[in-house]
Amino acid sequence: MKNLPLHYQILIALIAGTLLGFVFNPGEISLEKLSLTITPSDGGFQVSQENGAQDKEAYQFEDRAELLKRYPELKDLFAEGELEKPVTLEVTGRSIHIVDSFKKVELTYTRTVNEQSTVTSYSAPSGEALVKTYPQWKVDYELFGLGISQKVMAISKWVGDLFLRLLKMVTIPLIVTSLITGIASLGNAARFGAMFSRTLLYYLSTSLLAIFTGIFVVNLIRPGIGAVLPGGNGSLSSGQESISSIFLEMIDRLVPTNIIHSLGEGEFLSIISFSMLTGIFILLVGGKHGKVMTDFFQAGFEVMMRMTMFIISLAPIGVLAFMVYAVSSQGIEIFKILSWYMAAVFLALLIHAVVILPCLLKFVAQRSPLEFARAMSPALMTAFSTASSNGTLPLTMSCVEENAEISNEVSSFVLPLGATINMDGTALYEAVAVLFIAQAYTGEVMPLSQQLVVAITALLASIGAAGIPHAGLVMMAIVLQAVGLPLEAQGVIIAVDRVLDMCRTSVNVWSDSCGCAVIERYR
3 MKNLPLHYQI
13 LIALIAGTLL
23 GFVFNPGEIS
33 LEKLSLTITP
43 SDGGFQVSQE
53 NGAQDKEAYQ
63 FEDRAELLKR
73 YPELKDLFAE
83 GELEKPVTLE
93 VTGRSIHIVD
103 SFKKVELTYT
113 RTVNEQSTVT
123 SYSAPSGEAL
133 VKTYPQWKVD
143 YELFGLGISQ
153 KVMAISKWVG
163 DLFLRLLKMV
173 TIPLIVTSLI
183 TGIASLGNAA
193 RFGAMFSRTL
203 LYYLSTSLLA
213 IFTGIFVVNL
223 IRPGIGAVLP
233 GGNGSLSSGQ
243 ESISSIFLEM
253 IDRLVPTNII
263 HSLGEGEFLS
273 IISFSMLTGI
283 FILLVGGKHG
293 KVMTDFFQAG
303 FEVMMRMTMF
313 IISLAPIGVL
323 AFMVYAVSSQ
333 GIEIFKILSW
343 YMAAVFLALL
353 IHAVVILPCL
363 LKFVAQRSPL
373 EFARAMSPAL
383 MTAFSTASSN
393 GTLPLTMSCV
403 EENAEISNEV
413 SSFVLPLGAT
423 INMDGTALYE
433 AVAVLFIAQA
443 YTGEVMPLSQ
453 QLVVAITALL
463 ASIGAAGIPH
473 AGLVMMAIVL
483 QAVGLPLEAQ
493 GVIIAVDRVL
503 DMCRTSVNVW
513 SDSCGCAVIE
523 RYR
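In our numbering, the protein residues as written are 3 to 525.
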């Protein structure tokens with residue numbers, strides 16, 4: 003393996019991790035059907051449950067809220083008022099899925115009552131805490147939650163997270179030193195202004211192209227028509243978040259009140275703006291003091307790059323662990339859920355990644371898209387497995403400079419900026435997801451005027467999104483509020499978010515890399 007190029011090592015790890023994930027995937031564990039008898043009792047309720055595997059059990063609940071907390075599938079019993087006489091229901095299609103790590107155990111329970119399917123998730127820091135908090139799952143957890151699959155899942159998650167922590171450890175120092183060094187080495191403020199304006203133009207252009215590609219695809223496929231989401235059906239309202247408020251909030255985050263706090267909390271917009279200002283004023287000061295500062299940050303950058311190269315050599319191990327966990331915890335079943343929604347996201351990302359960005363490489367940067375993709379393949383595969391563009395940044399910088407032969411002057415400025423504000427895949431995903439939710443929630447295609455609001459809001463939200471796993475899901479709440487959609491509707495797509503997050507992160511990194519080629523051509 004050591005003699006193989008890094009991208010081949012990562013590819014082998016990607017394939018091996020996927021195969022091992024399928025081997026150790028426990029899948030859905032089927033349970034016997036259950037008979038529930040609900041009896042009003044002393045102002046509360048008594049529930050008797052019985053199945054073929056264990057004796058009859060009875061539970062007492064003080065009120066309806068306590069009952070529905072334990073049995074949310076029974077909410078339809080109270081649709082017409084309080085329950086006045088005993089009712090017996092058959093619970094069929096029962097299954098559980100257990101995902102374990104050293105820090106969290108999650109049990110997902112699926113069942114059908116009166117032809118209505120319900121899914122509930124239970125989580126706790128450990129298996130012991132799970133059975134203590136939810137004693138009804140003690141027997142099932144001891145039977146199915148302590149096997150070899152859960153142990154492999156937990157270990158692979160821990161190893162993958164450790165690798166990602168190593169990458170994140172060097173990310174902020176690398177961003178600070180590379181940005182300051184990159185700007186200070188430009189020689190004068192005029193060159194910085196030219197590079198900044200071109201970089202910003204590229205990022206805004208590609209993000210808008212990505213968003214409108216997503217909007218076109220989701221209107222073409224219409225994946226939400228006929229779908230049922232939490233929160234029921236309804237109509238769109240004016241929303242709680244205005245575009246101006248989102249924009250002003252983003253501007254506020256550009257100006258840190260305490261840069262030490264921003265560094266500690268990983269507030270990348272604040273870190274980027276402070277680093278850029280530091281580099282600019284090193285240029286303006288110039289002379290002996292400017293040279294001392296430039297040499298200091300240049301030395302820091304060289305040290306961080308050497309440390310980064312060591313961590314990058316561990317990438318195949320991290321990728322293997324991430325893929326084992328991702329596939330063993332979700333398996334092939336994840337691709338059967340929300341298939342049309344996933345198809346819309348995949349198709350839009352594919353169009354942007356293999357049509358739009360390669361055209362920019364070919365006709366604007368005047369580089370071969372295939373050769374450039376081959377040069378960036380280690381970074382793209384690592385981005386896919388880790389789902390973190392900030393975590394992948396050190397490897398992206400290494401690939402751009404060493405494989406694609408782009409100058410450090412360009413890469414040290416363009417890539418840290420892009421890892422924070424250029425989120426093509428995230429912006430596209432947010433637009434598709436929100437329009438999908440709108441279609442499912444209203445049963446019709448969203449009006450063009452509100453689609454434009456989604457486009458602008460998704461652009462602003464993607465600029466402020468952190469380059470970490472599931473950041474797009476967090477920022478989507480802003481876009482949903484902008485058009486008045488219920489936040490609980492977001493819950494239905496969480497099940498497939500990890501798979502889509504891996505894909506959109508690869509597109510984010512690919513777009514940043516293409517930006518380097520474009521800026522290098524015109525610097």
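Glycine residues also receive a C-beta, built at the ideal position from the N, C-alpha and C atoms.
Checklist entry - Can you tell me where the beta strand (DSSP E) with alanine 126 in it begins and where it stops? => result 118 to 126
Checklist entry - If you count every other CB in all the chains shown that lies within 10 Å of the CB of arginine 113, and 16 or more means buried, which is it? => result buried
Next on the checklist: Can you confirm whether the region 373 to 387 touches the region 309 to 329 when touching is taken to mean that 3 or more C-beta pairs between the two stretches lie within less than 8 Å?
Outcome noted: yes
Item to check | C-alpha distance - proline 225 paired with proline 175, whole-angstrom precision | outcome: The alpha-carbon atoms of proline 225 and proline 175 are separated by roughly 43 Å.
Item to check | Unbroken alpha helix (DSSP H) run spanning serine 400, endpoints | outcome: 391 to 400
Item to check | DSSP state of valine 107 mapped onto helix, strand, coil | outcome: Strand.
Checklist entry - What whole-angstrom Cβ distance do alanine 156 and aspartate 102 have, given they're in contact under 8 Å? => result 5 Å
Next on the checklist: Taking only three categories from DSSP, how would you classify proline 371?
Outcome noted: helix
Item to check | Inter-residue spacing [alpha-carbon to alpha-carbon] between glycine 302 and threonine 173 | outcome: 13 Å
Item to check | Delimiting residues of the beta strand (DSSP E) encompassing serine 43 | outcome: 36 to 43
Next on the checklist: Excluding the 5 residues flanking tyrosine 524 on each side, which residues of the same chain have their C-beta closer than 7 Å to its C-beta?
Outcome noted: Arg200
Checklist entry - Taking the alpha carbon of methionine 278 as the point to measure from, which residue in Met307, Ala346, Phe312, Met197 has its own alpha carbon closest? => result Met197
Item to check | Alpha-carbon spacing of tryptophan 512 relative to phenylalanine 298, whole angstroms | outcome: Rounded to whole angstroms, the separation of the alpha carbons of phenylalanine 298 and tryptophan 512 is 31 Å.
Next on the checklist: Please report the straight-line C-alpha distance between methionine 504 and threonine 394, rounded to a whole angstrom.
Outcome noted: Rounded to whole angstroms, the gap between the alpha carbons of methionine 504 and threonine 394 is 12 Å.
Checklist entry - Do you know how far the Cα of lysine 106 is from the Cα of threonine 183? => result 41 Å
Item to check | Proximal residues to phenylalanine 270 (C-beta, below 6 Å), its chain only, five neighbours per side dropped | outcome: Thr422
Next on the checklist: Considering only the alpha carbon of each residue, which of Ala435, Leu168, Glu117, Asp514 lies closest to leucine 316?
Outcome noted: Leu168
Item to check | Buried versus exposed, by CB contacts within 10 Å (16 or more), arginine 506 | outcome: buried
Next on the checklist: Using only CA atoms, which one of Thr120, Ser128, Phe80 lies nearest to isoleucine 100?
Outcome noted: Ser128
Next on the checklist: Looking at the secondary structure, which residues open and close the beta strand (DSSP E) in which glycine 29 lies?
Outcome noted: No beta strand (DSSP E) holds glycine 29; DSSP gives it neither H nor E.
Checklist entry - Thinking just about the alpha-carbon of each residue, which of Ala457, Thr280, Ala381, Thr94 is nearest to the one in asparagine 510? => result Ala381
Checklist entry - What residue does the alpha helix (DSSP H) around glycine 266 start on, and which one ends it? => result 261 to 267
Checklist entry - Looking at the structure shown, is leucine 528 part of a helix, part of a strand, or coil, going by DSSP? => result Residue 528 falls outside the range modelled here, since the chain spans only 3 to 525, and no answer is possible.
Item to check | As assigned by DSSP and simplified to three states, the class of serine 50 | outcome: strand
Item to check | Whole alpha helix (DSSP H) elements within the region 387 to 458, 4-residue minimum | outcome: 391 to 400, 410 to 423, 426 to 444
Checklist entry - If you follow the alpha helix (DSSP H) that leucine 91 is part of, which residue opens it and which one closes it? => result Taken as a continuous stretch (DSSP letters only), leucine 91 belongs to no alpha helix (DSSP H), being part of the beta strand (DSSP E) at 89 to 102.
Next on the checklist: On the CB-based measure, 16 or more other CB atoms within 10 Å of its CB, does serine 158 come out buried or exposed?
Outcome noted: buried
Checklist entry - Which residue from Ala67, Leu461, Val115, Ser409 puts its Cα closest to that of glycine 427? => result Leu461
Checklist entry - In whole angstroms, what separates the C-alpha of glutamine 441 from that of asparagine 53? => result 40 Å
Next on the checklist: For proline 28, which residues in the same chain have their Cβ closer than 6 Å to its Cβ, ignoring the five residues on either side in sequence?
Outcome noted: Ser151
Checklist entry - From glycine 228 to glycine 445, what distance separates their C-alpha atoms? => result Taking the straight line from one Cα to the other gives about 7 Å.
Next on the checklist: So, under 8 Å CB-CB, isoleucine 40 and valine 89 are touching, yes? Tell me the CB distance rounded to an integer number of Å.
Outcome noted: 5 Å
Checklist entry - What distance in whole Å lies between the Cβ atoms of leucine 419 and isoleucine 213, which are believed to be in contact at a cut-off of 8 Å? => result A Cβ-Cβ separation of about 19 Å leaves isoleucine 213 out of contact with leucine 419 under the 8 Å criterion.
Checklist entry - Thinking just about the alpha-carbon of each residue, which of Arg66, Leu22, Val416, Gly320 is nearest to the one in aspartate 163? => result Answer by Cα proximity: Gly320.
Checklist entry - In the structure shown, what three-state DSSP assignment does tyrosine 10 receive? => result Three-state DSSP puts tyrosine 10 in a helix.
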